[in-house]
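Protein chains in written order, with the working numbering: chain A, -3 to 169; chain B, 203 to 847.
Beta carbons are placed, not taken as given, at the ideal position from N, Cα and C, and that holds for glycine.
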């Protein structure tokens, strides 16, 4: 049916154009989406003698949230994260990014600690592996250790309800 | 009050357009003459109401009614009145209204000049055109209403983009749209013929003049845009392969193919399904161009993100119009058949090859334009496809096409003989090849690409002369106007190629810092800088440089390039000074002040033969006009004279 070929080509074109339109410039696609979360082994914030590595989280769906005491918009999302931690829907691990340990501890003391634990990425090396270019950023990682979603900027209630939690439920099944 | 009248007129026009779509189409299917007859008055009334709306908007702009959002954001009271008028179509909303107005104009033309066509055909054509109108009127009213009022009007407006404050920019959009939208007629004829199931020589004859006229306008629109970019942007370039340019170039390539294919379908009954597809493609690409430019899907994702409704609306509209017509094509094209037979060596096959080459060129421009989008959507990063891709592909495709352009008009229909052709054209071939190789030495040094380009240009001109000479010698009598139109357009292509070849081969530029009294030498001219003075324009403040041009110790003339800062927007703009000539342009653009001592950076260009590019386009337009005004189109059908051209 060669007369249908133009139509098929046009359909393909429409799909691409639609994808191009619906593409939101704020969701800069991370090259890490659907790729394994980069490995690291970093000292924990509260117990510097112990380390933490993403490998330990195999079999669980979890969030990795980069934060810092110097970051103003992190304060904004702190309340949302605290709510999320209370609900127990998904564990949140913190990557304390280019921060001083005392400041980080002070902040958590004051505002409460939504994290199961935080690790110290004092020189920002791990941040580079994850392609962090602004704090806060949040990664949703699945049971196989693959990054499934990346939020650039503060996690809001809306993003949590509309995107992250539905994905968590789906990934947990 | 006028804004409300304008909006109301658009709503009325929409309702009339709905009638124009439905009644005539149903009438044509059921054979009801009275229903079919509704199309003509409906089409005319629809045009009148859109024209009223357009007039209202123009009046609001001219009278500085800043209570209308569109006026407040795109015009101000300092703007000279002709630019206020042009600002009517300087904005997104206004330019869509212009699009719709021009569609109405073409519809009106169809109602006026189709008296001799079968009633079913006219009814269907008007119905198809009406459905496009419905789409655009809905788009205007739902997402891009130009008549929205502001609750608290500002005391003065923003500004029309300074780049658009230019005579060429006043004319460019209407001309371009006359072309774009003009293809809707050929499109409507093609769709009507597919629906009616009758695709014959008559269909091609009816479509031809419309297509040629639209093509002529599009040629003019593109040339004007390119000329504008040349003298306004201050970079000395005349074609940038940017998405907006490509959006207008693709329909041009396809419609050029369509014009030739229609000729074959009319004269030989061949290529029918291919011609229909080209007619659909030419208009589809015009719509796609409008989409690409208006949705901002390519140029700037951010600009678009402010109003996603628009892009989605146009995409849905594209899907319905193009998708629908391609489905119709897939369904009905088989019945149409391929039409007449021809030999491997014949004018038909030369034209078919050229058609395919033009289509390939259009497809590669489309691919290059959309490739960055594909890559981004597939998540493979961002990239841009630059001139290197386009130039490489384009030259590769165009070289054989231009060679065939010389052969085609001299070859016989149905069956030609290669040895005979070779004998007739051998001197033309030898002369153009030799001259192409020799001339660059005389100009300024040999370059292979210049030789190739000049040989092709000469080949086209000489073969055209051979064809004309043979016809007159064989006593074929005075040739029809369309024949001269064709040859003139072909010579226009040759002139264009010569211009492009020579300017790319031999242009030179210097970017220099100039103090008062400094001279710079380029292309045999001395440019002496006499400093910059401040000049106030109607709505801008300019630094105007005085530069004297000296050749062999003699003053040629003084040129005044400017750097303007517009009062309303604070935008700075370079106003180039150009000394145009038959063989070269001297092109000056003023940069920035450098350091103290009133020194400025100045860019001096020497552009040999650059005006030939636009001269070629003008010749093509005249050729198109001649061909479209041929007697057999103007005369009502009936006796059809067989014309061999």
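Interface partners of residue i on chain B, CB under 7 angstroms
i, result
"residue 2 of chain A", "479, 528 and 531"
Spatial distance of residue i from residue j (CA atoms)
i, j, result
"residue 504 of chain B", "residue 448 of chain B", "Residue placement at residue 504 of chain B is flagged as unreliable, the pLDDT there being 33, under the threshold of 50; the coordinate-derived value follows with that caveat. Approximately 21 angstroms between the Cα atoms of the pair."
"residue 225 of chain B", "residue 237 of chain B", "5 angstroms"
"residue 320 of chain B", "residue 219 of chain B", "21 angstroms"
"residue 681 of chain B", "residue 827 of chain B", "16 angstroms"
"residue 558 of chain B", "residue 636 of chain B", "29 angstroms"
"residue 418 of chain B", "residue 517 of chain B", "28 angstroms"
"residue 290 of chain B", "residue 303 of chain B", "12 angstroms"
"residue 285 of chain B", "residue 263 of chain B", "9 angstroms"
"residue 752 of chain B", "residue 648 of chain B", "28 angstroms"
"residue 501 of chain B", "residue 534 of chain B", "Bear in mind that the predicted position of residue 501 of chain B carries a pLDDT of just 49, short of 50, making it unreliable; the figure below should be weighed with that in mind. C-alpha separation (whole angstroms): 37 angstroms."
"residue 0 of chain A", "residue 602 of chain B", "29 angstroms"
"residue 63 of chain A", "residue 34 of chain A", "18 angstroms"
"residue 466 of chain B", "residue 472 of chain B", "6 angstroms"
"residue 776 of chain B", "residue 805 of chain B", "11 angstroms"
"residue 167 of chain A", "residue 61 of chain A", "18 angstroms"
"residue 86 of chain A", "residue 69 of chain A", "22 angstroms"
"residue 292 of chain B", "residue 164 of chain A", "49 angstroms"
The ligand SAH heavy atom lying under 7 angstroms from the CB of residue i
i, result
"residue 488 of chain B", "No copy of the ligand SAH occurs in the structure displayed, which carries no ligand at all."
Interface flag, residue i vs chain A, CB-CB below 8 angstroms
i, result
"residue 826 of chain B", "no"
"residue 475 of chain B", "yes"
"residue 184 of chain B", "With chain B covering only 203 through 847, there is no way to say anything about residue 184 of chain B."
"residue 576 of chain B", "yes"
"residue 572 of chain B", "yes"
"residue 783 of chain B", "no"
"residue 306 of chain B", "no"
"residue 845 of chain B", "Annotation note: pLDDT 40 at residue 845 of chain B (below 50); position unreliable, coordinate value reported separately. For residue 845 of chain B, the answer is no, since every Cβ of chain A falls outside 8 angstroms of its Cβ."
Residue of the options minimising C-alpha distance to residue i
i, options, result
"residue 444 of chain B", "B:570, B:407 and B:813", "B:570"
"residue 251 of chain B", "B:389, B:745 and B:210", "B:210"
"residue 669 of chain B", "B:611, B:724 and B:639", "B:611"
"residue 222 of chain B", "B:401, B:329 and B:446", "B:329"
"residue 494 of chain B", "B:459, B:353 and B:575", "B:575"
"residue 658 of chain B", "B:644, B:634, B:677 and B:646", "B:634"
"residue 50 of chain A", "A:144, A:37 and A:132", "A:37"
"residue 735 of chain B", "B:764, B:707, B:757 and B:727", "B:764"
"residue 214 of chain B", "B:244, B:233 and B:277", "B:244"
"residue 81 of chain A", "A:155, A:134, A:110 and A:146", "A:110"
"residue 203 of chain B", "B:295, B:351 and B:217", "B:351"
"residue 565 of chain B", "B:664, B:455 and B:208", "B:455"
Contact with chain B by residue i, beta-carbon distance below 8 angstroms
i, result
"residue 6 of chain A", "yes"
"residue 145 of chain A", "no"
"residue 36 of chain A", "no"
"residue 154 of chain A", "no"
"residue 149 of chain A", "no"
Proximal chain A residues relative to residue i, where beta-carbon distance stays under 8 angstroms
i, result
"residue 524 of chain B", "6"
"residue 521 of chain B", "10"
Within chain A, partners of residue i - CB distance below 7 angstroms
i, result
"residue 579 of chain B", "12, 15, 16 and 19"
Contact list for residue i against chain B, beta-carbon separation under 9 angstroms
i, result
"residue 48 of chain A", "The premise fails here: residue 48 of chain A is roughly 30 angstroms from chain B at the closest Cβ pair, so nothing lies under 9 angstroms."
Per-residue contacts from residue i into chain B (C-beta, under 8 angstroms)
i, result
"residue -3 of chain A", "532"
Proximity test, Cβ basis, 8 angstroms: residue i and chain C
i, result
"residue 669 of chain B", "The question asks about chain C, but that chain is absent: this structure's protein chains are A and B."
- [ ] Enumerate, from N- to C-terminal direction, the unbroken alpha helix (DSSP H) stretches of 4 or more residues contained entirely within the segment 15 to 100 of chain A.
- [x] 68 to 83
- [ ] For the segment 517 to 570 of chain B, list the beta strand (DSSP E) runs that are entirely contained and at least 3 residues long, ordered along the chain.
- [x] none
Open item on the list: Quick check on the DSSP output: what are the complete alpha helix (DSSP H) runs of length 4 or more inside the segment 275 to 325 of chain B, in order along the chain?
Closed with: 283 to 289 and 294 to 315
TODO: Would you list, in sequence order, the uninterrupted beta strand (DSSP E) runs of no fewer than 3 residues that lie entirely inside the segment 626 to 695 of chain B?
DONE: none
Task: Residue ranges of each beta strand (DSSP E) within the segment 706 to 791 of chain B, 3 or longer - done: 710 to 716, 721 to 724, 727 to 738, 742 to 753, 756 to 761, 764 to 768, 774 to 777 and 779 to 781
- [ ] With a floor of 4 residues, list each alpha helix (DSSP H) that falls wholly inside the segment 213 to 285 of chain B, ordered by position along the chain.
- [x] 235 to 239, 241 to 264 and 271 to 276
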